[in-house]
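Undergrad: Going by UniProt numbering, the sequence shown opens with residue 1, and the numbers climb by one from there. We put the beta carbon where it would ideally sit given N, CA and C, even for glycine.
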Amino acid sequence: MSATLKDAFDTKNAYFRTGGCYFRFCVKMRPGLRTRGGTGVKSLPRNWKGCRFKPHSVCHCRCVLLRRVFVSPQGCLKTLACCLNPPWNTMLSLLLPVMLTIPVMGEMELRVPEQPVVALHGRDVTLNCSFNHTSPFNLSDVSIFWQLTDTKRGVHGYSEGRDQLTDQAESFANRTSLFPTQLRAGNASLLLSSVLVSDEGSYTCFVMVQDYGSAALLLQVAAPYTKPVLTLEPESNLRPGDEVALTCLAYGGYPEGDVIWQDGSGRNLTDNITTSVVANGDGLFMVTSVLTVVLEPNSTYSCRLINPLLGEEGFVFVTITGQNIAFPPVALWVTIGLAVCLLVLLVALAAVCRRKIKESCEEARREAEEAKELEEESKTAMTPLKS
């Protein structure tokens, strides 16, 4: 640190970059001093008062004028970030406390949805954020930052007329964009592509032009379940009084679905039900619900799966008729067996009859041939007598 810089500042609370290193110090300026380190700094000669400043001018200009930053009446600057091209999330963490303490900086009102934004898994969603700015401004003066509210992870950054994605969280890579052509109209919305379950959460939109504002919104992710499938165990040889397990299965949905079992009269069944929920690699759920009942004739059981976010319902039912549920009763199996046996007997009988008929025909043919031969022999014997 140069002597002039040391004379002008006490190292304590602010960040300056000299030769790639950051230094902390509390700024106690002496009017009229001009100091230079990694960045040039100049104080006001007399009245130390705050005024508006562009956030990036502090961090991207080689010569930083302290008249652009708020200074307390005692001449102590609480937190100042001065460096060449810092990460934008680092800049936010350093600059926002200062910006919030600047009394002359107006607070910009941002508009975001009050209700949670519901996005379908795998689809695109727009997180709406808009601002009003009466005075003209250049796009290079606009800074927009989106981040996760709870973890402070960077989602998307924009400043100096272009995207700033150096510190974007890896999970959002190649999936975020703004609407640059609509910035002048006050549109700071974020387009998030191919929504994942892990994207769910609170997002904060920061906008800085000449004023500053921020607002948070909640993103919820939803995915429809497949149509439920109902199976029975055991599947055969069922009789009234048997205990049967009815399994209702659906998958590929989010969030966790609600399963409702009902009988034919619409009464909810709550006993002897076991429901399990398992997530796959994408965070989508497979819901399996098992209802155990004692088999009764002429009864209906239904499984209803409800997605709480989408309000969609999947429905499947099975009806007991006679002795069984959707499976042939024992008597029918016996009937089918008897019919098969009868058919086999008929085929065998037909074969026997055919053989008998064939044998009869052969015998009649032989008798006819023998009679013809006898007749010819008789004619031959009578011929010499006439001579």
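1) Please state the DSSP three-state secondary structure of Ala-223.
2) Can you tell me whether Asp-271 is buried or exposed? The criterion is at least 16 other CB atoms within 10 Å of its CB, across all chains shown.
3) With burial defined as no fewer than 16 other Cβ atoms inside 10 Å of the residue's Cβ, what is the status of Phe-172: buried or exposed?
4) Please classify Val-344: is it buried, with 16 or more other beta-carbons within 10 angstroms of its beta-carbon, or exposed?
5) Check whether the Cβ atoms of Val-293 and Val-244 sit closer than 8 angstroms, and answer yes or no.
6) Comparing C-alpha positions only, which one of His-121, Arg-184, Leu-284, Ala-119 sits nearest to Asp-141?
7) For a quick check, are the C-beta atoms of Gly-264 and Thr-300 less than 8 angstroms apart?
8) Any idea if Gly-266 is buried or exposed, counting beta-carbon neighbours within 10 angstroms, 16 or more meaning buried?
9) To the nearest angstrom, how far is it from the Cα of Val-197 to the Cα of Tyr-254?
10) So, is Asp-150 buried or exposed, given that buried needs 16 or more other C-beta atoms within 10 angstroms?
11) Leaving out five residues on either side along the sequence, give the residues of the same chain with a beta carbon under 7 angstroms from the beta carbon of Tyr-203.
12) Over the uninterrupted beta strand (DSSP E) stretch that includes Thr-204, give me the two end residues.
13) DSSP state of Glu-243, grouped into three classes?
14) Taking contact to mean 3 or more Cβ pairs, one atom from each stretch, closer than 8 angstroms, check whether the region 336–354 and the region 302–310 are in contact.
15) Could you give the residue range of the beta strand (DSSP E) that holds Tyr-301?
16) Going by other Cβ atoms of all chains shown within 10 Å of its Cβ, with 16 needed for buried, is Gly-257 buried or exposed?
17) Please look up how many angstroms separate the CB atoms of Glu-252 and Thr-226, rounded, as I've assumed it's under 8 angstroms.
18) Whose CA, out of Leu-238, Asn-237, Leu-246, lies closest to the CA of residue 400?
TA: According to the structure data:
1) strand
2) exposed
3) buried
4) exposed
5) yes
6) Arg-184
7) yes
8) exposed
9) 8 angstroms
10) exposed
11) Leu-127, Trp-146, Leu-148, Thr-149, Val-155, Ala-216, Leu-217, Leu-219
12) 201–208
13) strand
14) no
15) 300–306
16) buried
17) A small fix is needed here, since residue 252 is Gly in this sequence, not Glu. Contact flag correct, Cβ pair sits at about 5 angstroms.
18) As shown, the chain starts at 1 and ends at 387. That puts residue 400 outside it, with no answer to give.
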